[in-house]
């Protein structure tokens, strides 16, 4: 605090002394007129001190000005108004000037034209106020007559303005250390300054007395002032201008008071103009020089920053000229593409960074842009592929901008490598839609897949199913072996579940040990859909039951499965999951390691099928299956063969047709063993009829199921049966459906040709009901086709059925195939078919299916022989 007070007191003393000294100096030097200085230098000191040190230094100005007034006018009561008012006026005017400069944003360094203008405006207004107050006070004190008011006002105003103009720039910018070292730093310009002052003195000393001439000569120093201002800045310029002004005033005769009172003399005006011109020129040159240097510095900084931004940018920045050659390639681009900057500059972008597949499109787009100046790729974020130096392609985000450099159009691309972002996006997607442990879809993705499955069910009318799977006793494993072992089990279960279903089905993990499977594209029929679902669920149960090797632990596990079927969107997704979950708990309640359907009707149907399957297995063992035969006749109603038909003699339900049990046999796999028995029994019957009158040469047609025919050992099976029974292969006719043959045409043809070599014949059953059989018919080794009963039933009433039958007959005749029309029930059908050229028939019109003994009795009673 004491140091600050001492500093303030010291400055007050310095300011008061300096102000008073300059005021007194003006009285001594020859440029004083009527006790008033031609240039009022104390004004510059006062305003500079108030701006630089603060407005609170005004008491020093007041005291110094009071001393000057007392010195000029003495002290007596007659001059009391003058003595008291003048110091107040001066202090107020200087304070006003400093305040206006402060609030206007005036910059002390005067390195802007704006600051020079503000300084001029402030001192002109402030000193005008001072001159008006001063003249008014002098007039009131009767020291100034009315005819001198205007000249005195003008004189005082200009003198104070020039005093501020000459000293304010110097005092605002120089420091004591700078003053001491100024000439040392600018030694090479000292001689120039001395020469300039000497020239100015010589002009005023030796020029003719004619004022116009020597004042004109005085302006010859302006170029030198400009040079010094450019070299030394505001400080050097202000010092030189101040010295030149003093020399000019000291060398000029300004006349006596009476002349001045009439009008300001020509030398005074010339001096004022000279000093003002030198000062303004110096400041303007410094300001312009500073502005230029600032602009150059800003440009250099801008270029440096721009280069730094380019080189330190995270994005790869690449520029090409109008030929497509690389002219810019920053560090990020080097790291991204694998090239060094110096190796690619000057090379064609299209041959360096563009993948081969995109090069033609790039060339065409670049040419269109050069021709039209328009491109759809500018200022847009594009995701494309780019080429690294090693030849690998990678995804990038590209933004292209266009600019001109010295009239040359440049295209700049900002590349961002998307490789990591794509990885992150994939990881985020996996976290959002997949279970982290098993990589199976999670609940969110399951709901989406289930929504799609329901939509597909609506479109195609097919059933779908939701299987809710819960591992039995999983908590016990976690508690006893730890969660790590439990996780190993979950991962293995997930792998096994994937293997149990098709690729288009969905296996998801809801959490914990709960899994859900969505089956799509099941059968349209409910019974068949139930059977398909049950088969898959049974497979899952068996698969999960297999032992697990969890590290060094062998573990056995089972599961409980709840099932709900859907067809369309009659039930919401949430309800489907709820029902499957309910069914799963019912499976657990039933003893675990089992499955349950939610719908009681479905459950009952499933139980009936399961029961039927068990009974069918028993039927095979207990030989409850029976062979029936239905005669096949020619156009003269002569029997030439028969079709073997299967019946089940159920102990409780009586005689069952194939419709009631064949589907169960197919789904359970029992059809293979049943088919083998039928085929073996038919061959035994052929052997039994061999040489028997009326039966010798009778052909038997046996239906072959899809599973049986697709079995890899089917050909060997038939060969072995023929060898075992000794039946004549030429009397055995195997009937295949279109779907069986066309499912794998190459395999079917190979098997049929192998059996054809043995003498076995083939018939196409249900011909015409498919869509592709005509295209493959000529490739199959067939001897007979059967017109499906669906065409025969309405042949007398439906023209379309009649046309189809005629077409089949015509085509078969061309290929040399025998045609059997099955399902003939009326004489009208028989007659119409004969009229179309059909020669062989089968149906209730001739005989219903009969047991073997009844069939034999029928042929013997009617004496039908070939």
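Residue numbers (this note's numbering): 215 to 1080.
Ideal placement from N, C-alpha and C gives every residue a C-beta, glycine not left out.
Predicted model only: the values in this text are computed from it and were never measured.
Where residue 245 and residue 297 are concerned, what is the direct C-alpha to C-alpha distance, given to the nearest angstrom?
Note that residue 245 scores 47 on pLDDT, short of 50, meaning its location in the model is unreliable; the coordinates nonetheless yield the value given after this. Residue 245 and residue 297 have their C-alpha atoms some 24 Å from each other.
Please list, in chain order, all residues of the same chain as residue 495 whose beta carbon is under 7 Å from its beta carbon, the five residues on each side excluded.
Within the same chain, residue 495 has close Cβ partners 436, 439, 440.
Determine whether the beta carbon atoms of residue 722 and residue 656 lie at a separation below 9 Å.
It is a contact, given that the beta carbons lie within the stated cut-off.
Which residues bound the alpha helix (DSSP H) around residue 341?
Unbroken alpha helix (DSSP H) run through residue 341: 327-354.
Beta-carbon proximity of residue 884 to residue 918, cut-off 9 Å:
No, Cβ-Cβ distance for residue 884 and residue 918 is not below 9 Å.
Using three-state DSSP, classify residue 860 as helix, strand or coil.
In the three-state scheme derived from DSSP, where H, G and I count as helix and E and B as strand, residue 860 is classed as strand.
Taking 6 Å as the limit between beta carbons, can you name the residues of its chain near residue 1084, skipping five residues before and five after?
Outside the modelled stretch of the chain, which goes from 215 to 1080, sits residue 1084, for which no answer is possible.
Only counting runs of 3 or more residues, tell me where the beta strand (DSSP E) segments fall wholly within the region 943-987, in order along the chain.
Look at the region 943-987 and you find these whole runs of beta strand (DSSP E), each 3 residues long or longer: 946-951, 975-981.
If you measure between the beta carbons of residue 853 and residue 846, is that distance less than 9 Å?
Cβ atoms of residue 853 and residue 846: closer than 9 Å.
Assign residue 559 to one of three DSSP states: helix, strand, or coil.
In the three-state reduction of the DSSP assignment, residue 559 falls in the coil class.
What is the DSSP secondary structure of residue 666, counted as helix, strand or coil?
The three-state reading of DSSP puts residue 666 in helix, counting H, G and I together.
So, helix, strand or coil for residue 768, using DSSP?
DSSP, reduced to helix, strand and coil, places residue 768 within a strand of the structure shown.
Following a CB-centred definition, is residue 754 positioned closer than 8 Å to any heavy atom of the ligand MG?
The ligand content of the structure shown is nil, which means the ligand MG is not present either.
Could you tell me how far apart the beta carbons of residue 1038 and residue 999 are, in whole angstroms, since I believe they sit closer than 8 Å?
That belief does not hold up - the Cβ atoms of residue 1038 and residue 999 are roughly 15 Å apart, past 8 Å.
Residue 894 and residue 939 look like a contact to me (Cβ under 8 Å); what is the Cβ gap, rounded to whole Å?
Indeed they touch by this definition, with Cβ atoms about 7 Å apart.
Can you tell me which residues form a DSSP beta bridge with residue 229?
Its beta-bridge partners do not exist; DSSP assigns none.
Report buried or exposed for residue 677, applying the criterion of at least 16 other Cβ atoms within 10 angstroms of its Cβ.
Residue 677 is buried by the Cβ-count criterion.
In the DSSP output, which residue or residues are listed as bridge partners for residue 628?
For residue 628, the pairing in a beta bridge is given by DSSP as 531, 613.
When 1046, 268, 237, 255 are compared against residue 280, the one with the closest alpha-carbon:
Taking only the C-alpha atoms, the option nearest residue 280 is 237.
Under 7 Å Cβ to Cβ from residue 747, same chain only, skipping five residues before and after it: list those, please.
Excluding residues within five positions, the ones whose Cβ falls inside 7 Å are 679, 733, 736, 777, 779.
Assuming residue 278 contacts residue 230 under a Cβ cut-off of 8 Å, what Cβ separation, rounded to an integer in Å, is found between them?
Rounded, the Cβ-Cβ distance is 4 Å, consistent with contact.
Measure the C-alpha to C-alpha separation of residue 980 and residue 1022 and round it to an integer number of angstroms.
Rounded to whole angstroms, residue 980 to residue 1022 spans 12 Å at the Cα level.
Inter-stretch contact (C-beta, 8 Å, three-pair minimum) for the region 870-889 and the region 827-835:
Taking 8 Å as the limit for Cβ pairs, the verdict is that the region 827-835 does touch the region 870-889.
Measuring straight from C-alpha to C-alpha, what distance separates residue 219 and residue 487?
Residue 219 and residue 487 have their C-alpha atoms spaced approximately 43 Å apart.
What are the boundary residues of the beta strand (DSSP E) that residue 1083 is part of?
Because the chain is modelled from 215 through 1080, residue 1083 falls outside the range shown and cannot be assessed.
Please check the pair residue 360 and residue 299, which I expect to be a contact at CB under 8 Å, by giving their CB distance rounded to whole angstroms.
Not really, about 19 Å apart at Cβ, beyond 8 Å.
Below 8 Å on the Cβ atoms is my contact criterion, and I expect residue 1029 with residue 992 to pass it. Report the Cβ-Cβ distance as a whole number of Å.
Residue 1029 to residue 992, Cβ: 6 Å. Contact.
Answer with buried or exposed for residue 446, where buried requires no fewer than 16 other C-beta atoms within 10 angstroms of its C-beta.
By the 10 Å Cβ count, residue 446 comes out buried.
Curious, which full-length beta strand (DSSP E) runs of at least 3 residues does the region 842-920 contain?
You should have 853-864, 868-870, 913-917.
Quick one: complete alpha helix (DSSP H) runs, 4+ long, within the region 731-798?
Here the runs fully enclosed are 740-759.
To the nearest angstrom, how far is the alpha carbon of residue 474 from that of residue 316?
Unreliable positioning characterises residue 474 in this predicted model, as indicated by a pLDDT of 43, which lies under 50. A coordinate reading is not provided.
Using a Cβ distance threshold of 8 Å, determine whether the region 643-652 contacts the region 764-773, with at least three qualifying pairs required.
In short, these stretches do not touch, since the Cβ pair count stays below three.
Could you tell me whether the Cβ atoms of residue 744 and residue 823 are closer together than 9 Å?
Contact flag set, yes.
Who are the near neighbours of residue 367 in its chain, counting only those whose CB is closer than 6 Å to its CB and skipping five residues on each side?
345, 349, listed in sequence order.
Of the residues 612, 903, 311, the one placed nearest residue 260, counting alpha carbons only:
The residue from 612, 903, 311 with its alpha-carbon nearest to that of residue 260 is 311.
Would you report the Cα separation of residue 1065 and residue 841, rounded to the nearest angstrom?
Cα-Cα distance, rounded: 6 Å.
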